[in-house]
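Since the structure comes first, as structure tokens, the remarks are kept for the end.
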Amino acid sequence: MIFDKNKVRQAFAAASDSYDGVAHLQREVGMALLQVVDRANQYGAVLDIGCGTGFLSQKLLDLAPCDNLIALDLALTMLQTTRRKLAAYHNVQYVCADAEALPLATASVDSVFSNLALQWCGDLNAVFADIKRVLKPDGQLAFATFGSQTLQELKAAWATVDSYAHVNDFYDEAYIIACLQQAGFKAIHSQRQCYQPRYASVLTLMRELKHIGAHNVLPGRNKGVTGKQSLQRMMAAYPCATQDTSITATFEVIMVRARA
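Structural data, given as structure tokens:
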């Protein structure tokens with residue numbers, strides 16, 4: 004899968020100020036992720052890939068002891084927000100880097116966590132191989148990522164208007180597990196859950212996606228301005244959740260834990 008990485012960086016950098024105000028699903032998923040990990044053996048060096056504004060980083064610091072936490076994000080402004088939030092913690096390192104090219108030494112990390120970030124990586128085989136490289140033997144990997152059914156209603160509604168890629172595509176569970184196996188991970192456990200939050204309107208959903216930096220970053224997107232008529236046609240095609248104008252959106256979340 005190909006993502007425009009510059010667009011990903013720009014989108015999340017622009018969303019750093021608005022992210023916390025609308026990232027309700029991200030926090031809910033992050034808390035669920037913490038329930039499936041082995042916190043009893045969380046020690047040493049811990050890496051949080053795609054730390055965003057630091058929600059999961061802070062929870063990891065508070066819920067289990069670790070010698071050192073590495074907060075890593077592609078967007079510098081996100082990382083700066085995390086640094087301000089975690090100013091009271093003295094065992095945190097901040098790294099602005101791409102998850103697809105980790106600037107860390109081999110076998111230098113005891114645990115790796117990632118909450119709703121790995122879906123923005125174009126080459127999962129390379130990502131998991133590099134995570135396996137930086138993990139110590141039997142180190143823990145735990146992550147949550149969006150699955151292929153995410154935003155299926157929005158995608159179907161846009162498909163009635165034109166053939167452009169208005170909505171990002173995401174990996175399915177079988178492919179994710181296959182990539183982990185190819186990278187050499189063992190004891191792989193996965194579970195999937197569909198979240199369907201309600202929104203006042205399609206425009207409300209689209210604004211929230213923009214505010215969390217999750218709008219379209221696919222290279223096949225329409226690079227022009229979407230016309231008002233096309234937007235209205237898409238909204239008319241979007242299935243309503245109730246008899247009023249409110250709608251729901253599907254977010255398929257895949258949670259995985261594995262050992263190096």
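The working numbering applies: residue 4 is where the sequence shown begins, and numbers increase by one.
For every residue, glycine included, the Cβ atom is placed at its ideal position computed from N, Cα and C.
- The Cβ atoms of L107 and Y241 lie no closer than 8 Å to each other.
- For Y97, the enclosing beta strand (DSSP E) covers residues V95 to C99.
- Taking C-beta atoms under 8 Å as the contact rule, F116 and A145 qualify, at a distance of about 5 Å.
- Judged by DSSP secondary structure, L72 falls within the beta strand (DSSP E) whose first and last residues are N71 to D76.
- Non-local beta-carbon contacts of A160 in its own chain, meaning distances under 7 Å to residues more than five positions away in sequence, involve M237, A240 and Y241 in chain order.
- For Q152 and V170, the gap between their C-alpha atoms comes out near 11 Å.
- In this structure, the straight-line span from the alpha carbon of P200 to that of H27 is close to 10 Å.
- Taking K88 as the centre and dropping the five residues before and after it, the same chain places the C-beta of G57 closer than 6 Å to its C-beta, in chain order.
- In the pairwise beta carbon analysis, the stretch 90–97 is classified as not touching the stretch 135–144: fewer than three pairs are separated by under 8 Å.
- Taken through DSSP and simplified to helix, strand or coil, F188 comes out as coil.
- Taking the CA atoms as reference points, A100 sits about 17 Å from L138.
- A Cβ-Cβ separation of about 6 Å places V130 in contact with L121 under the 8 Å criterion.
- Just measuring C-alpha positions, the residue of L234, V205 and D172 sitting nearest T248 is V205.
- The Cβ neighbour count for T85, taken over all protein chains shown within 10 Å, is at least 16; the residue is labelled buried.
- Between the alpha carbons of R136 and Q29 lies a gap of roughly 27 Å.
- Listed in chain order, the non-local C-beta contacts of I180 below 8 Å within the same chain comprise I191, S193 and V259, local neighbours out to five positions each way being set aside.
- DSSP places S117 within a strand segment (E or B) once states are collapsed to three.
- Going by C-alpha positions, A186 is about 16 Å away from G125.
- Distance from the CA of I250 to the CA of L212, rounded to the nearest whole angstrom, comes to 14 Å.
- A102 and D133 have their C-alpha atoms some 9 Å from each other.
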